[in-house]
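Heads up, the thing below is written out as structure tokens.
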Amino acid sequence: MPKHFTVVYTVADGQQEAFETQLNQIHESMKAYDPQNPPAWGVSAMSRDNEIQRLELIEQALDNFHGSDATDEIQDILGKHPVC
Numbered sequence: 100m101p102k103h104f105t106v107v108y109t110v111a112d113g114q115q116e117a118f119e120t121q122l123n124q125i126h127e128s129m130k131a132y133d134p135q136n137p138p139a140w141g142v143s144a145m146s147r148d149n150e151i152q153r154l155e156l157i158e159q160a161l162d163n164f165h166g167s168d169a170t171d172e173i174q175d176i177l178g179k180h181p182v183c
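No gaps in the numbering here: position 43 of the sequence shown is 142 in my numbering, and each next residue is one more.
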């Protein structure tokens, strides 16, 4: 079974241009990833948002709310932090 790990890049304010080359390489690697014939390692997914922060917010909602309240809070989190 394959293993996964997550890397979060942080780009300083005003430095997006400096990161564009790396971002393009990540994107091309993801496009080249073939799940039917996977390489030894590869980029199988990416997001332009901070997924770790999104998960932290969802976990907090689950800890602090119950039932439909948690569902409403999570939907609000996903609405404010849309998946890219």
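Beta carbons: idealized from backbone N, C-alpha and C, even for Gly.
Beta-carbon gap between residue i and residue j smaller than 9 angstroms
i, j, result
"M129", "V142", "yes"
"L177", "R147", "no"
"I173", "A160", "yes"
Whole-angstrom C-beta distance between residue j and residue i, which should lie under 8 angstroms
i, j, result
"N149", "V107", "6 angstroms"
"I125", "M100", "With 8 angstroms as the limit, I125 and M100 do not qualify as a contact, their Cβ atoms being about 24 angstroms apart."
Where residue i falls, given that 16 or more other Cβ within 10 Å makes a residue buried
i, result
"C183", "Summary for C183: the model assigns pLDDT 47, below 50, so the residue's position carries little reliability; its value from the coordinates is reported in the next sentence. With fewer than 16 other Cβ atoms within 10 Å, it is exposed."
Could you tell me which whole alpha helix (DSSP H) segments of length 4 or greater appear in the segment 105–148?
List check, alpha helix (DSSP H) in window: 115–131.
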